[in-house]
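All residue numbers for the sequence shown refer to the working numbering, where the first residue is 187 and numbers rise by one. Reviewing the structure listed below.
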Amino acid sequence: MADSKIIRREPQDAGAHNRVAAFLRDQLLSGELKAGDCLLPERELAAHLDVSRPVLREALRALAMIGAVEIRHGVGTIVRRPDATALGDVFSFMLAHGSNVSGDIMEARKAIEHHAVRLACQRATEQDFANVANALRRIVDTIENPEAGGTADFQFHEAIVSASHSPTLV
187 MADSKIIRRE PQDAGAHNRV AAFLRDQLLS GELKAGDCLL PERELAAHLD
237 VSRPVLREAL RALAMIGAVE IRHGVGTIVR RPDATALGDV FSFMLAHGSN
287 VSGDIMEARK AIEHHAVRLA CQRATEQDFA NVANALRRIV DTIENPEAGG
337 TADFQFHEAI VSASHSPTLV
C-alpha cells in the first residue's frame, strides 16, 4: 500500500485575530470609529483587512467582550460608548477563580481616584465644588456610624468623580 499524504492548507496565522482586534481598537482610540458607528458588513470588512471571516469574527468577539462593540445579528457590528463596567466583570471573574487581586484592585482604585481628582480640579464647576464639600461634611457628621459613614464616604468619592466630568469615570 502506498504512503498516502494528507494535504492540508496551511492555517491562517494564529495571531491574525489579535492583529485585527488591535487595528480596530486603534481605530476606536484614534476617533476614526466613534460610538454609534456601524462597521462595514462582515464580508467587506474581512476583505478590506485581508483576513478570513472566522478570523474577523474572533476579533470582533474579543472587542465585544470588552464592551467596545456590540454584535447585532441581522444589523451588524455597532461601536459602543466606552463603559467601565467591563472592568468590574474582569475583577469579578479573577476573584471568583481564586486570584489574589485585592491589592492590585486597591492600586488601580488609587490611580483612578488620583486621576479623577486631577480632572475635577481642572473641570469642576462651583456647584461641583459645593457638592464635594457637602459630601465631606456628611462624612464628618456620620463618622461614628459605620453604615451612614460608609454611604457618606461613597457619596464623597462619587462627587469627586462627577466633578471630573469624565464620561468614562462617571
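For glycine and all other residues, C-beta sits at the position ideal for the given N, C-alpha and C.
Residue pairing for residue 263: DSSP places it in a beta bridge opposite 257. In this structure, residue 255 lies near residue 265, with their beta-carbon atoms less than 8 Å apart.
Excluding the 5 residues flanking it on each side, residue 246 has same chain C-beta neighbours closer than 7 Å at 255, 257, 263, in chain order.
A direct Cα-to-Cα measurement between residue 329 and residue 203 gives close to 52 Å. Pairing residue 211 with residue 235 gives a Cβ-Cβ distance that is not under 8 Å. If you ignore the 5 residues before and after residue 214, its C-beta comes within less than 7 Å of the C-beta of 254, 265, all in its own chain and listed in chain order. The beta-carbon separation of residue 343 and residue 312, rounded to 20 Å, does not stay under the 8 Å limit for a contact.
Per DSSP, residue 234 is one residue of the alpha helix (DSSP H) stretching across 228-235. Counting along the chain, the unbroken alpha helix (DSSP H) around residue 316 starts and ends at 312-327.
Remark: fewer than three beta-carbon pairs, one from each stretch, lie closer than 8 Å, so the stretch 217-233 and the stretch 312-322 are not flagged as touching. Burial is judged here by how many other beta carbons sit within 10 angstroms of a residue's own beta carbon; residue 278 has fewer than 16 and is exposed. With a cutoff of 8 Å on beta-carbon distance, residue 338 and residue 324 are scored as near each other. Here the C-alpha atom of residue 219 lies approximately 11 Å from the C-alpha atom of residue 209. Straight through space, the alpha carbons of residue 237 and residue 306 are spaced by roughly 44 Å.
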